[in-house]
Structure formats: structure tokens, C-alpha cells
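Chains as they are written, first to last, in the working numbering: chain C, 22 to 215; chain L, 110 to 734.
Heads up: the structure comes next, in C-alpha cells.
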Amino acid sequence: MSNKLKINTTDNYFSLMGLPISFDVDKAVLTHNYHEIQKSIHPDKFANATALERRLSVQQAAQINDALETLKNPTKCSIYLLSLYGIELSDNDTSVDPLFLMEQMELRENLAEVASKEEPLTELDAILGDVNSRIKQGKNTLNTLFQKLLSDSEKQESDESLLNEAKSEVLKMQFLNRLQEECLNKEEDLTEQL
Amino acid sequence: MALLQISEPGQTSAPHQHKLAVGIDLGTTNSLVASLKSGFAETIADENGQHLLPSVVQFQVNNDNGYQTEVGYIAQQNASNDPMNTITSVKRYMGRGLEDIKKHSIYDFVTEEDSVVPRIRTIAGNVSAVEVSAEILKSLKLRSEEALGGDLTGAVITVPAYFDDAQRQATKDAAKLAGLNVLRLINEPTAAAVAYGLDTGSEGIHVIYDLGGGTFDISILKLTQGIFEVLSTAGDSALGGDDLDHVITDWIIEKAQINEPEPNLLRQILDVARQAKEALSDNETYTLSLNLGNEQSWSSDLSQQEFEKLIKPLIRKTLTPCRRALRDAGIESEDIQDVVMVGGSTRVPLVRQMVGEFFSTEPLVDLDPDKVVAIGAARQADVLVGNKSDEEMLLLDVTPLSLGLETMGGLAEKVIHRNTTIPVARAQEFTTFKDGQTAMAIHVVQGERELISDCRSLARFELRGIPPMVAGAARIRVTFQIDADGLLSVSAREETSGVESSIQVKPSYGLSDGEIESMLKDSFSYAQDDIDARKLREEQVEASRVVEALNAALEEDGEKLLSSEEQAEIRQTIDELVEIAQQNDQRTIKLKIEAVDKVTAEFAQRRMDASINIALAGQRVDDIN
């Protein structure tokens, strides 16, 4: 039998933003609550206050901004959810499956050669399209995994193997996000040269 | 029957007292100041009815061998006769090092020992860009105090959205020298959006294309129910109308076959170039003429077509940031409601045409591109000072550039990415490299590139007082915070021992605190006694602010959030502060305020938490949509 892990359900970004814990947060509610909170604690509301209150307001507003960014972004939200289970991702984690790494290397090589191609922007579009669809796929997988994990968490415990699966999926997402960023940078360079 | 007057919660001073606050657009070419008059923001004119103040400062010797300055139109007229002592476009030098500013500058720059800040050699001595800007701000301060009939409580000063930390800090330093209380630095395009958005009330996504005299910004904002949320910003803090003048200048120099023009002639050519640019916005051709001295002259026609050919590469340069801003905002051209043109340089027809083509929409040009920024800033100043005319308005802005740290091999590791909403705080952990290491150097840079050498150096920090441990055992947590002005601060703590490491900041391009202090002392308007008196007064004001705020907070939340012992403790510390504030000792008052802060920090935090709960209460999930 596999280990069960507990999730920390109070005092987190979800409770701070008045939302239930989930991977697929309701963006409209998130934005609305974010605006309401900022209206009450943003430093602009404390421009006339004491230095102490001004300082606290900057810290609080920074935390709310971080909460918004974390919950809005699928990769960041996954990492955050895992941290609530007590799982921290480290930079030198290499537990990504070798097949995925091979594919990544291939995509990277293609990206590096784009500039020398006849239609660099078209080539780049194809790679970017591929990366984007992989990101979408990863998002769906994570959504399913976290739905399972969180429905388990009503029993206050979750399956460690599901968590490990989620972890390796997040690592893949990090690779893909970086690759997407590089594609967009390349696009910027190429259009600038035109 | 007399009605009881009940002031609003949190509103501690007399509620109906209207405080004087202004918005200042400190521009490369022209500056403006605006304020709110019966709910309507307008720019303030000088005694001759002129709203624009040319951002030109002339340093002169006066009769009793002291120095004086001339700011504005008169200085501008004197520029070609006294080019070396008359400083124009000083904004381009703010927060910049010597290597950045030499190009196209006629001034004689020097660096003094113990300072990284370049100074311009003038008849009145060496002056930094910060001091020159302070003269412009002083002039605007005087103008507004005369027009509004009283001392200013504070000012909002606008800066280009793409200004980096050093440029923002320099602007704030200039305000300090001018004796202005800065309520907030806000980004120029955001200020323009406020003026425009409140004017039209149109919700949705707006693009502000702001091409000023020396800077270019593009900001994409979303406006919902009084909240101005910047989605992304991009730009070039060294591209503007001046550069259009420079390409015409180069053209003239080539056509007239002038070799290495003297400062006076160069000044004249720059003026002629500017006139040509302005004229060619409305006319097909313009005749340029120069007086070369010795009764020689030169003249030539420049057609609009030829002019456009000259400037086209520069306008095209603005489209790269436009593309990047769209990408960072995660939107397509179709999502955009409108494109608003701001800044004097958007009067050039080719600019309007190319921007229109890029966004596939006719850009809006119905706002006065010169005044709109100051007007938006005045509205924000009014809100910040507590006059509450636009209670629901809130600006959520972003940091324009990524903040990174130097890592092994001269690479930059990003800690805060560009277009992150401010304020923002990010912590990073470091460890020691050698056994017993007690200090550590950290290099902070701003920019998007991977190599440190391609980014802009902001500061070097030295962490000291790390307890000696084996290599890799120390855990130093460094927190980078960007506040609502877009300014960076850094704090550090060794986690295993809890030791607060001290930080020594060496700004790469800024004035040190000591330099500002001595400038304040040297400044024409302050004697040492004045400075001490001013410091004492400021500390007393802060003390009374603390007392008022705490009394109001106790009144409102004391029973709810504090035990009776806690309330008694806070009341006692307030009483002590009141007594100390009456004595004329700035240092003691300061220390007492710090002590009060310690006693009341927990209460302030509880109040902050409670206000978040109130903000979310009644907004239950099913109420929305």
C-alpha cells in the first residue's frame, strides 16, 4: 500500500483569495476578489498613513499580487499545490522520463536551425504550435491528476503515486515553458531582422 | 437640531479640509503641472498664461558673485548664446553613466572623485542631472503654490514607464532637492490612461502609445470599474522627438558640409532641425536656413517625403516594443478597443500612419498630447492626498524590466520578471562558498538579456555579519522588493542563526545619500539651520500622523481586535509619543516612533487582515458572474 499525504488546507493563497483549493480556478472570481482586496490594501490607499502602515500595505499587496500570479499560471499553480502537500521541486531534479528529454532535445535543435531555413518564421510557427499543443496537453493531464488528488483530500489524505505523477508532469511543463519562451524570443529576433 | 458630525473611518484629519496636491509631468522637452479644481483637472499656467514650461535651465552668475538659475522660455531663448551653461533635455541624463550620455551632447561632462554620477561643467560649478531637474521642479512648485494659494501637501511625478530603477531614483532625488513631498511616481502612459479613461469612461483594453521628447513607452491597460490594470509595458528610454531632430541635424551637417560645428552653431542647427520637424507635420516643404557667421549663410529645402524617409527607421524602432507588449499582455490586435496617442512627437503624421497600420485601427488623437499626462497625474495626486474625489480609482502598474542577479560565469538569473504587477517581493536563498565565510557580494542588474554585460547594473550589495560556518551551511535569504513607485529595496537574513545581515548598497549610477545631503546643504535655498528645522518639523508631522492614525484605529477596531491589556499598552505608548513630540529633538522623536511601531505592528497587521476579510465578505462565490 502506498503512502498517504495530507494537504494543508488553511492559510494558503486559495483561502487568502477566497477560493476553494483547485488546479482549475475560476478566473472571473479570482480577478474579482483580487480587485476587491487590492481596493482595500493597496499602498495607494495608505499614501497618507503612518510609515508602519505603508510598509505593511506594500508587503500585503505584494503577497496578493503573488497569489494572483501563482493561481493564474498553470505551472506555478501546480508547483504551489504540490508545496501544500509538502513536496518541493528542486532545480536539479532530473527525474524526467528519457523519452521526453529526447523529444525536447530534438525540438531545441530544430529551433536552433530555424534562422538558416528558407522560411524561418513559418518553421518557427510550426515548432511553436507543437510546443503550445504539448503545453495544453500537460495542462489537461495536470487538471485530471489534481482533480483526483483533491477529491481524495476530502478524506484528508492523498495517494503518493498520484503526487509523483503530478510532479513529473510539472517538470515537463517547466521544460516546455522555457522552450516556449525561447521560441518567442527567437520570433522577436527574427521579426526585428526583417 | 444640530447633527452629529461623524468622520469616515480611517479619515483622521479634518475631513473637509482640501489638501493641495499637484501632478507634475517632468518632460524631456517641456514640463507641466496640473491640479484639480472643483473636480476638474487642469494644467496651471504661469503669470504670462503659458502652460508649458520648457525643460531648460540656464546657470548664471549674479551681481554679488553668487549663482542664479533661469528656467523655461527665457533659458530656452538664451540657449544658443550660452549653450554650455544652458541645459536642455536633462531627462536623458537622469540615472545614467558617462558612457551613455556622451553621444550627441554638447556639454562638458566630468566625474568628481568618490561619485559615479557624471556632472556638467557650468559657470556655476559642476551640476548633476538631478540638480538641474530639481530647478525645473522648484519652478513648477513655485508656480503652483502661487496659483493655488498655499503650501503643497504633495505631488505625483510622472516618469516614462520604461525608466529603470536608477532613473526613477534620480527623479525622486530631484524632487527631494526641490523640497517636494512625492506622493507617488507614476508611469506616464498610465497617467495618460487615467485622464483618458476617466474622461470617456470606456471600459476594455486600451493601448497608450507615448512618444515624447526623449522617451518612448507603450502600455497596454485594461480598464474595469475604475481599476486601471496595466497588462504590459515596453519601450525605449532613449528614443524620442530629440532623435528625430538629430537625424535632421545630421542631414543638415552633411548637406551644408560643416565639419565639427562649434557648440553655438550646433545649438542653432538643432533648433532649426526642431523647427523643420514641427513645420513638416503640416506642410509639404520647409526651407531651412543657417547663419554661419562672417556674413555667411546656408539654406536648403527639405520635403515632407524626404523628412519621412529620414525618420522612418526611428519610427519603425518603436514597433518592436509594441509587438513585445502585445505578446506579454497575451492579447491580439483584435482585442484592443483603441490606441491613444500621447506625447508631442505623435503629432508627426508618419507616426500616426505607421502606428495605425500596425494596430489596424485609426489612433485617437483628440486629447492634447502635451497635457494629458499631467492631468492624469493630478487626478491621482488628489486621490493619494486623501481628497477622495475619485474614491474608486485604483492603478495597478507593472515593473517594466526584469530584475536579475549575477551568477557564476557572468550570467543573469532573473528574480522578478518584467511586467510583474507591483508592489512585488521575491526572496532568493544564497549559501557560502568557503568555510568561515562572513561576507558575500551580490550584484543586481535590470534587463532582459542573459549576459550580465548586456544588462544594466543597478547596484552591488555586500552582505556582512554572516556567522562563520562550514561552506554551504549558511542559508542567506535575500528579499528583493519593488514598491509602488517601482523602486527596489533589498533586505537579507541568515536563516539558520536569524542574524540580520547588514547591506551596503553601492548604486551603480545614482547619488549616494551623503551626496544628496550635501546638495541639500549647498542648495541656494537652504541653510544648515533650515535643514535641521525642516527635519524636526517632518518628524513631528510623522509623530502626529502616527498618533492620529492610532487613535482612529483604536476607536474603530480596538475593542474588536485587541485585549484590554493590549489596548492599554498602546494607549500608554501613544501618550509617551505625544509628550516626546513636543520636545524639539528630532532624533528622540524618531526613535520613539520606531518603538511605537514595534508595539503596534501586530495590531496593524490584524487590521490589514480584517480589511481583506471585509473586502471578500458579501462577495461570496455565487454572487459573481
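Beta carbons are placed, not taken as given, at the ideal position from N, Cα and C, and that holds for glycine.
In this text, all values refer to a predicted model and were calculated from it rather than measured experimentally.
Between the CA atoms of L/D718 and L/E685 - distance to the nearest angstrom: When rounded, the distance between both Cα atoms is 27 angstroms.
Unbroken alpha helix (DSSP H) run spanning L/E664, endpoints: For L/E664, there is no enclosing alpha helix (DSSP H), since its DSSP letter is neither H nor E.
Cut-off 8 angstroms between Cβ atoms - residues of its own chain near L/D732, not counting five sequence neighbours on either side: In this prediction, L/D732 has a pLDDT of 45, which is less than 50 and means its spatial position is unreliable; nothing more can be read from the coordinates.
DSSP-derived helix/strand/coil call for L/Q114: Note on L/Q114: pLDDT 40, under 50, position unreliable in the model; no value is reported.
Unbroken alpha helix (DSSP H) run spanning C/M194, endpoints: Counting along the chain, the alpha helix (DSSP H) containing C/M194 begins and ends at E181 to Q214.
Straight-line Cα distance separating L/G350 from L/G344: For L/G344 and L/G350, the gap between their C-alpha atoms comes out near 14 angstroms.
Per-residue burial, L/T267 [other beta carbons within 10 Å of its own, 16 or more giving buried]: Flag for L/T267 reads buried.
Beta-carbon gap between C/T91 and C/Y106 smaller than 7 angstroms: In this structure, C/T91 lies away from C/Y106, with their beta-carbon atoms at least 7 angstroms apart.
Proximal residues to L/V705 (C-beta, below 7 angstroms), its chain only, five neighbours per side dropped: Its chain contains V655, T682 and L686 as the residues whose beta carbon lies nearer than 7 angstroms to that of L/V705, once the 5 sequence neighbours on both sides are disregarded; these appear in chain order.
CA-to-CA distance, L/L135 to L/L620, given in whole angstroms: Note on geometry: alpha-carbon atoms of L/L620 and L/L135 lie some 19 angstroms from one another.
DSSP state of C/R155 mapped onto helix, strand, coil: Helix, per DSSP.
CA-to-CA distance, C/A187 to L/I625, given in whole angstroms: About 54 angstroms.
Proximal residues, the region 193 to 214 of chain C versus chain L, C-beta separation under 7 angstroms: Flagged, chain order: L205, E209, T212 and E213.
Cut-off 6 angstroms between Cβ atoms - residues of its own chain near L/S600, not counting five sequence neighbours on either side: The beta carbon of L/S600 sits closer than 6 angstroms to the beta carbons of T588 from its chain, once the five residues preceding and following it are set aside; these are given in chain order.
3-residue-minimum beta strand (DSSP E) runs that sit fully inside the region 544 to 632 of chain L, ordered along the chain: The beta strand (DSSP E) runs lying completely inside the region 544 to 632 of chain L and spanning 3 residues or more are 549 to 555, 565 to 573, 585 to 591, 597 to 603 and 611 to 616, given in chain order.
Near the ligand ZN: L/L686 beta-carbon under 6 angstroms from a heavy atom: What this structure holds is no ligand at all, so the ligand ZN is not there to describe.
Contacts that L/T342 makes with chain B (C-beta to C-beta distance below 7 angstroms): This model lacks chain B altogether, as its protein chains are C and L.
7 angstroms Cβ cutoff, L/R654 in contact with chain C: By this cut-off, L/R654 is an interface position.
Any C-beta of chain L under 7 angstroms from that of C/N153: Nearest CB-CB separation between C/N153 and chain L: not below the 7 angstroms threshold.
Residues bridged to L/K331 [DSSP beta-bridge criterion]: Under the DSSP definition of a beta bridge, L/K331 partners with L/I314 and L/E338.
C-alpha gap between L/P163 and L/D260, whole angstroms: Taking the straight line from one Cα to the other gives about 24 angstroms.
Identified DSSP bridge partners for L/W407: The partner list for L/W407 (beta bridge, DSSP) reads L/L399.
Buried or exposed by the 16-neighbour rule on C-beta atoms within 10 Å, applied to L/D274: The residue is buried, with at least 16 neighbouring Cβ atoms inside 10 Å.
For L/P163, the residue or residues it bridges with in DSSP: Answer is L/N139.
Spatial neighbours of L/S598 in its chain, beta-carbon cut-off 6 angstroms, leaving aside the 5 residues before and after: Taken in chain order, the residues that qualify are Q590.
Neighbour list for L/S720 in chain C, Cβ cutoff strictly below 7 angstroms: Listed along chain C are S61 and I62, each with a C-beta nearer than 7 angstroms to that of L/S720.
L/M517 at chain C interface by Cβ criterion, 7 angstroms: No, because no Cβ of chain C sits closer than 7 angstroms to the Cβ of L/M517.
DSSP three-state assignment for L/K146, whether helix, strand or coil: Strand at L/K146.
Near-chain C residues of the region 655 to 689 of chain L (beta-carbon distance less than 7 angstroms), N- to C-terminal order: Contacts with chain C (Cβ-Cβ distance below 7 angstroms) from the region 655 to 689 of chain L involve V655 and A658, listed in chain order.
Pick from L/S390, L/L389 and L/N400 that is closest to L/I378, judged by C-alpha positions: Minimum Cα-Cα distance from L/I378 among the listed residues L/S390, L/L389 and L/N400 corresponds to L/N400.
Where C/A187 meets chain L, residues with beta-carbon distance less than 7 angstroms: Chain order gives no chain L residues near C/A187, where near means a beta carbon separation below 7 angstroms; the closest approach is about 24 angstroms.
Exposure label - C/V152; buried when at least 16 CB within 10 Å: If you draw a 10 Å sphere on the C-beta of C/V152, you find 16 or more other C-beta atoms in it, and that means buried.
Option nearest L/A583 by Cα separation, candidates L/R569, L/L560, L/L596 and L/T540: Of the listed residues, the one whose Cα sits closest to L/A583 is L/T540.
Cutoff 7 angstroms: L/D326 Cβ touching any chain C Cβ: No, its Cβ sits nowhere closer than 7 angstroms to a Cβ of chain C.
With 16 other Cβ atoms within 10 Å as the buried cut-off, status of L/S469: Sixteen is the threshold: since fewer than 16 other Cβ atoms of the shown chains lie within 10 Å of the Cβ of L/S469, the residue is exposed.
Residues within the region 531 to 543 of chain L neighbouring chain C, beta-carbon criterion of under 7 angstroms: Contact residues of the region 531 to 543 of chain L toward chain C are P532, V533 and A534 (C-beta to C-beta distance below 7 angstroms).
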